[in-house]
Amino acid sequence: VYLERLAYEINRDFKDRPLVVIGVLKGSFVFMADLVRRLNMPVELDFVGLASYGKNTQSCGKVHLTRPLNRDIAEKDILVIEDIVDSGLTVSYLLKYLKKRRTNSVKLCALLSKPSRRVCPVEIDYLGCEVEDKFLVGYGLDWAECYRQLPEIFALEGKPDADKP
Numbered sequence: 248v249y250l251e252r253l254a255y256e257i258n259r260d261f262k263d264r265p266l267v268v269i270g271v272l273k274g275s276f277v278f279m280a281d282l283v284r285r286l287n288m289p290v291e292l293d294f295v296g297l298a299s300y301g302k303n304t305q306s307c308g309k310v311h312l313t314r315p316l317n318r319d320i321a322e323k324d325i326l327v328i329e330d331i332v333d334s335g336l337t338v339s340y341l342l343k344y345l346k347k348r349r350t351n352s353v354k355l356c357a358l359l360s361k362p363s364r365r366v367c368p369v370e371i372d373y374l375g376c377e378v379e380d381k382f383l384v385g386y387g388l389d390w391a392e393c394y395r396q397l398p399e400i401f402a403l404e405g406k407p408d409a410d411k412p
């Protein structure tokens, strides 16, 4: 349901303008693959890697780029795909990084948002839905690199504290 609505909104807003779609690794890859197949405009794909979690389930607050872009994005329309916007620190860092590259526009599409966890304000242009503060896995979301392959999203009972499931 979210995919069809999000694709409709993106297709409406960008019409036939070429779009560079940038997925935030690793969590966005399943959502991104499903979404881009529904887009009608010419699309170039790329990925970035960012880290703020390390091996824990809590953000350490320091964001760093682990995989840079593979292309020049100057004067292009950019759509960032994120699985979930939590604290907002990681995606805020990425949006600033991309806007410094003389892009035409930078828009954010997120499958999920946890507004109760936000410490850094973030404008989400295209949002699947808001969720409660629960630890979610599946459909690209992981716990210690596990459960990404699950076809649906599930909430884990309690809060995972360990590095391994």
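Per our numbering, numbering through the sequence shown is continuous, rising by one, with the last residue being 412. Backbone N, C-alpha and C define an ideal beta-carbon position, used for all residues, glycine too. Since the structure is predicted, the reported quantities are computational estimates derived from the model, not experimental observations.
Nearest to residue i by alpha carbon, out of the options?
i, options, result
"Val327", "Gly308, Ser299, Glu291 and Cys393", "Glu291"
"Leu383", "Ile371, Leu397, Asp293 and Asp372", "Leu397"
"Ile269", "Glu251, Lys354, Ala254 and Arg252", "Lys354"
"Pro315", "Asn287, Tyr373, Arg252 and Asp293", "Asp293"
"Asn258", "Ser363, Tyr373 and Tyr386", "Tyr373"
"Val271", "Tyr394, Gly405 and Leu388", "Leu388"
"Lys309", "Thr337, Val295 and Asn317", "Thr337"
"His311", "Asn317, Glu322, Ser299 and Arg318", "Ser299"
Leaving out five residues on either side along the sequence, give the residues of the same chain with a beta carbon under 6 Å from the beta carbon of residue i.
i, result
"Arg365", "Gly335"
Measuring straight from C-alpha to C-alpha, what distance separates residue i and residue j?
i, j, result
"Val332", "Arg285", "22 Å"
"Gly274", "Ile320", "22 Å"
"Phe261", "Tyr255", "10 Å"
Would you grab the beta carbon distance between residue i and residue j for me? Rounded to a whole angstrom, and I think it's under 8 Å.
i, j, result
"Asn351", "Asp324", "5 Å"
"Glu458", "Ala357", "Since the first residue of the chain shown is 248 and the last is 412, residue 458 is not available in this structure."
If I measure Cβ to Cβ from residue i and keep anything under 7 Å in the same chain, skipping five residues before and after, which residues do I get?
i, result
"Arg264", "Met288 and Asp324"
Below 8 Å CB to CB, which residues in the same chain sit around residue i once its five sequence neighbours on both sides are set aside?
i, result
"Glu399", "Gly385 and Tyr386"
"Glu377", "Leu359, Ser360, Lys361 and Pro362"
Counting beta carbon pairs with one atom in the segment 272-286 and one in the segment 343-353, are three or more of them shorter than 8 Å? No: the two stretches stay apart, fewer than three of their Cβ pairs being nearer than 8 Å.
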